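S.K.:
Protein chains: 2
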Amino acid sequence: MTENLDSARSAAWRAYIEASQRLYTQLEEDLRADSDLSFADYHVLVLLSETPGQRQRMGELAGRLVFSPSRLTYQISSMQRRGLVTREPCPDDRRGSEAVLTAAGLLALSEAAPHHLASVRTHLMDDLDDAEVACLTRVFDRLGDRLRAARASSTTHATN
Amino acid sequence: MTENLDSARSAAWRAYIEASQRLYTQLEEDLRADSDLSFADYHVLVLLSETPGQRQRMGELAGRLVFSPSRLTYQISSMQRRGLVTREPCPDDRRGSEAVLTAAGLLALSEAAPHHLASVRTHLMDDLDDAEVACLTRVFDRLGDRLRAARASSTTHATN
DNA sequence: CACCACTAGTTGAAATTTGAAAGAGTGCTA
DNA sequence: TAGCACTCTTTCAAATTTCAACTAGTGGTG
Chain A
1 MTENLDSARS AAWRAYIEAS QRLYTQLEED LRADSDLSFA DYHVLVLLSE TPGQRQRMGE
61 LAGRLVFSPS RLTYQISSMQ RRGLVTREPC PDDRRGSEAV LTAAGLLALS EAAPHHLASV
121 RTHLMDDLDD AEVACLTRVF DRLGDRLRAA RASSTTHATN
Chain B
1001 MTENLDSARS AAWRAYIEAS QRLYTQLEED LRADSDLSFA DYHVLVLLSE TPGQRQRMGE
1061 LAGRLVFSPS RLTYQISSMQ RRGLVTREPC PDDRRGSEAV LTAAGLLALS EAAPHHLASV
1121 RTHLMDDLDD AEVACLTRVF DRLGDRLRAA RASSTTHATN
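In order, the protein sequence lines correspond to chains A and B. Heads up: the first sequence runs through residues 1 to 160, numbered per our numbering. Heads up: the second sequence runs through residues 1001 to 1160, numbered per our numbering.
1) So, is B/D1041 buried or exposed, given that buried needs 16 or more other C-beta atoms within 10 angstroms?
2) Hey, is A/T73's beta-carbon within less than 8 Å of any beta-carbon in chain B?
3) Going along the chain, which residues of the region 127-154 of chain A sit with their C-beta nearer than 9 Å to a C-beta in chain B?
4) Tell me whether the region 127-136 of chain A and the region 1138-1155 of chain B touch, counting them as touching only if at least three CB pairs, one residue from each stretch, are closer than 8 Å.
5) Contact criterion: CB-CB distance below 8 Å. Does B/H1123 meet it with respect to chain A?
6) Ignore the nearest five residues each way along the sequence and tell me which others in A/F39's own chain have a CB closer than 8 Å to its CB.
7) So A/V66 is in the alpha helix (DSSP H); what residue range does that whole segment cover?
8) Where does B/R1032 sit, in a helix, a strand or coil, going by DSSP?
9) Apart from the five residues just before and just after B/S1119, which ones in its own chain have a Cβ nearer than 8 Å to its Cβ?
10) For a contact meaning CB atoms closer than 8 Å, what does B/L1023 contact in chain A?
11) Write down the C-beta distance between B/V1066 and A/E18 rounded to the nearest angstrom, noting that I regard them as a contact closer than 8 Å.
12) Under a CB-based cut-off of 8 Å, is A/Y16 close to chain B?
13) Measuring only the C-alpha atoms, how far is A/A8 from B/L1072?
14) When you compare the CB of B/R1032 with every CB in chain A, is at least one pair closer than 8 Å?
15) In three-state DSSP terms, what is B/R1162?
16) Could you tell me which chain A residues have their CB closer than 9 Å to the CB of B/A1011, listed as they occur along the chain?
17) Consult DSSP for A/L143 and reduce its assignment to one of helix, strand or coil.
18) Which one or two residues does DSSP pair with A/A99 in a beta bridge?
19) Going by C-alpha distance, which of B/D1127, B/M1058, B/D1036 and B/D1006 is nearest B/R1082?
20) Three or more C-beta pairs closer than 8 Å, one from the region 1048-1062 of chain B and one from the region 49-56 of chain A: is that the case here?
21) For B/E1098, does the count of other Cβ atoms within 10 angstroms reach 16, so buried, or fall short, so exposed?
22) Thinking B/L1117 and A/N4 are a contact (beta carbons under 8 Å), I'd like their distance in whole angstroms, please.
23) Between B/R1095, B/T1102 and B/P1069, which has its C-alpha nearest B/M1079's C-alpha?
24) Verify the contact flag: A/S7, CB atom, against every heavy atom of the ligand ZN, threshold strictly below 7 Å.
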């Protein structure tokens, strides 16, 4: 439990940390360069565009984006100011509200998407062979599942 | 150039984005839970502890951490306030300064390290088999190299 | 119904991050 | 050696993010 990482894992960890940080930085920069959207903005737009009614509950959105509630509130307010989304009270639950994609938001997404996707391909995907893609998918799917589960259970019973 | 990502790559991308975000969040949380250090703090301490004289030029540090210069200034100031590092003028170049690890910083690192490494293992590494570790290393090493190079050349000649 | 513990989302203040200057110094070139 | 273009780091203000309340509302229970 106080063991080190073996050297292969340690190298993997370092490579991952640095490269993932650089990738994120690069994507943000590219996105900003040709679209007025941040990565978070883009991601919100994508998620909204994919649901029926192009709307999502705040909590749902926060969960998918891995954002804290207050961060999401800020994020949506900012997008609302810029006309990309609208906020509507949730019909079922009067505590809740939902973010709704506007026409302008959809337009912004459709304009940004090709650039952004090209950026993802250029910086990452084009360099990967199919086996590597499969490996990444497998690893990160599992990781996501595990972390999602961990968070859910720690929220639930608070093992402290 | 306006092509989509094929569906395998798209799935990989989504899995990666979500899981990497969750992982980062989880590691920060764990670190904070047993050490008063943020991930950035920890990373700075590691980098400093590895150089002879346990010191680094600001620029060098910023490069390795993938931090903007101003972010690094803030980061180091904060760590200086907490006694983890010291700032010293660079002997060779009077424009520069270097961050130097203090005894307290080293101690903080040594106390935090086992917990943090356990956290990395638990959340990520223990779940990976050797082939996956090798794959991640290969992919992210290449990615890091590529992005580092891209940034260097765009800074150099400004292709705009 | 009245109470209570819990959930959804927002708010406010403080901490951090960004982005555009500014301050200082370096080093080449004339 | 004066001038100039560039580099290293910091500073300042604005934008974002966190963290800890707080407001509303929900869903049992008695």
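Glycine is no exception: its CB is placed at the ideal position from the N, C-alpha and C atoms. Nothing here was measured: the structure is a model prediction, and the numbers come from that model.
M.R.: The short version:
1) Residue 1041 of chain B sits at position 41 when you count from the first residue of the second sequence. Buried, by the Cβ-count rule.
2) Taking the first sequence and counting its residues from 1, the one referred to as residue 73 of chain A is at position 73. False, the Cβ-Cβ gap to chain B never drops below 8 Å.
3) D127, L128, D130, A131, E132, V133, A134, C135, L136, T137, R138, V139, F140, D141, R142, L143, G144, D145, R146, L147, R148, A150 and R151
4) yes
5) The residue you call residue 1123 of chain B lines up with position 123 of the second sequence. It does; some Cβ of chain A falls within 8 Å.
6) As a first step, residue 39 of chain A is located in the first sequence; it is residue number 39 there, counting from the start. Excluding residues within five positions, the ones whose Cβ falls inside 8 Å are Y24, L27, E28 and L31.
7) Here residue 66 of chain A refers to the residue found at position 66 of the first sequence. Where A/V66 is concerned, there is no enclosing alpha helix (DSSP H), given that its DSSP letter is neither H nor E.
8) By 1-based counting over the second sequence, the position of residue 1032 of chain B is 32. Reduced to three states, the DSSP call for B/R1032 is helix.
9) Here residue 1119 of chain B is taken as the residue at index 119 of the second sequence, counted from 1. Q1026, L1027, D1030 and L1031, listed in sequence order.
10) On the second sequence, residue 1023 of chain B is found 23 positions in, with the first residue counted as 1. In chain order: L143 and L147.
11) As a first step, residue 1066 of chain B is located in the second sequence; it is residue number 66 there, counting from the start. As a first step, residue 18 of chain A is located in the first sequence; it is residue number 18 there, counting from the start. Right, the Cβ-Cβ distance comes to about 7 Å (below 8 Å), so this counts as a contact.
12) For the purposes of this step, residue 16 of chain A is taken as residue 16 along the first sequence, with counting starting at 1. Interface residue, yes.
13) Translated into positions along the first sequence, residue 8 of chain A becomes position 8. Translated into positions along the second sequence, residue 1072 of chain B becomes position 72. Between A/A8 and B/L1072, the C-alpha separation is close to 29 Å.
14) Translated into the one-based positions of the second sequence, residue 1032 of chain B becomes position 32. No, B/R1032 lies away from the interface with chain A (no Cβ there is under 8 Å from its Cβ).
15) One cannot answer for residue 1162 of chain B here, as it falls past the ends of chain B, which runs 1001 to 1160.
16) In the second sequence, counting from the first residue as 1, residue 1011 of chain B sits at position 11. Those are V133, T137 and D141, listed as they occur along chain A.
17) Along the first sequence, read from residue 1 onward, the residue named residue 143 of chain A stands at position 143. Note: A/L143 maps to helix in three-state DSSP.
18) Translated into the one-based positions of the first sequence, residue 99 of chain A becomes position 99. Looking at the DSSP assignment, A/A99 forms a beta bridge with A/Q56 and A/R87.
19) As a first step, residue 1082 of chain B is located in the second sequence; it is residue number 82 there, counting from the start. Ranking the options by Cα distance to B/R1082, first place goes to B/D1036.
20) no
21) For the purposes of this step, residue 1098 of chain B is identified with residue 98 of the second sequence, where counting begins at 1. So B/E1098 ends up on the buried side.
22) The residue given as residue 1117 of chain B occupies position 117 in the second sequence. The residue given as residue 4 of chain A occupies position 4 in the first sequence. Going by Cβ atoms, the distance from B/L1117 to A/N4 rounds to 6 Å, so yes, they are a contact pair.
23) Residue numbering aside, residue 1079 of chain B sits at position 79 when the second sequence is read from its first letter. Nearest of B/R1095, B/T1102 and B/P1069 to B/M1079, Cα basis: B/T1102.
24) Only the bare structure without any ligand can be found here, which leaves the ligand ZN out of the picture.
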